[in-house]
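In UniProt numbering, the protein residues as written are 1 to 254. Cβ coordinates follow ideal geometry from the N, Cα and C atoms, glycine included. Accompanying notes for the structure given below.
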Ligand SMILES: C[S@@+](CC[C@H](N)C(=O)[O-])C[C@H]1O[C@@H](n2cnc3c(N)ncnc32)[C@H](O)[C@@H]1O
């Protein structure tokens, strides 16, 4: 298929950045036959990153796969804050790691990290293992903290947990690419969106060292409830927002 034809098909399917996407597809396709398949997948609404097999995140090319949450540009704020917190050798845990994009981006910015990650979705764990291998990261399948090695208790310097935070009732308002191609468990945070964050906050003091810090992304209308969740768990909360990135992060210090 010619690049012009690809642009035409992508545009007809509603892709806003048809020229850019066509270029990425042409550059990534290993063969003409695979290029045709990739264009067809994209026309069917499969997220571009799932078609390509990678996502651009914080200047890195992060592997993703079908059924794995695509890291969002706004999460760069969480990466920036977590990286700024680390001043020497440190233990970093990425809970609900998805592709492991956050841990990879922090480890790419800061040397000397001991990196651990976990996710409940086997597909995410498989991809995170690939993304974190260059940093010596260990990735575990399971529910929140449950699969982590016990010896990390009380030793974690930085805990990043970009858990699902969309209220259940708002999931249907997400773009179809997210709703139809990312697991519900990656998006749905319960009635007010903070069910998983509350579970993380409740257990965080057990795993953080004194002075250690939890970083979680939240929605702008969840600030007060998230503060209350962290305070209730015995953490000292602060909130950082970045309007350009449309991002809000709640930080909890033990
Ligand atoms: C919003 S995605 C974020 C993924 C990744 N942290 C990122 O920023 O790209 C939420 C992730 O939480 C995982 N998850 C949801 N519930 C979980 C649980 N109880 N234990 C572990 N992981 C969970 C999902 O599988 C998904 O990968």
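Beyond the five residues adjoining it in sequence on each side, residue 170 comes within less than 8 Å, by CB distance, of 193 in the same chain, given in chain order. Looking only at 123, 216, 118, the smallest Cα-Cα distance to residue 148 is reached by 118. In this structure, the straight-line span from the alpha carbon of residue 246 to that of residue 40 is close to 32 Å. Where residue 36 is concerned, the enclosing alpha helix (DSSP H) starts and stops at 32 to 43. Here DSSP, grouped into helix, strand and coil, assigns residue 178 to helix. Note that the C-beta distance between residue 208 and residue 159 is below 8 Å. The Cβ atoms of residue 6 and residue 24 do not sit closer than 8 Å to each other. Membership of residue 205 in any beta strand (DSSP E) is not indicated; the residue belongs instead to the alpha helix (DSSP H) covering 195 to 207. One alpha carbon belongs to residue 234, the other to residue 197, and they sit about 14 Å apart.
The beta carbon of residue 105 is closer than 7 Å to those of 57, 58, 60, 79 in its chain, skipping five residues each way along the sequence. Look at residue 75: its beta carbon is less than 7 Å from one of the heavy atoms in ligand 1.
Residue pairing of residue 237 in beta bridges, as defined by DSSP: 252. Look at residue 107 here: in three-state DSSP terms it is helix. In the DSSP assignment, residue 52 falls within the unbroken alpha helix (DSSP H) covering 48 to 52.
Taking non-hydrogen atoms of ligand 1 into account, the C-beta of residue 119 is found less than 7 Å away from one of them. Going by DSSP, residue 27 is part of the alpha helix (DSSP H) stretching over 18 to 28. Residue 213 and residue 71 have their C-alpha atoms roughly 22 Å apart. Contact between the region 93 to 111 and the region 124 to 139 is present: 3 or more CB-CB pairs across the two stretches fall below 8 Å.
Annotation: residue 151 to residue 175 spans about 41 Å, alpha carbon to alpha carbon.
Just measuring C-alpha positions, the residue of 203, 122, 116 sitting nearest residue 133 is 116. In this structure, residue 201 places its C-beta atom within 8 Å of the C-beta atom of residue 230. Between residue 189 and residue 167, the gap from beta carbon to beta carbon is short of 8 Å.
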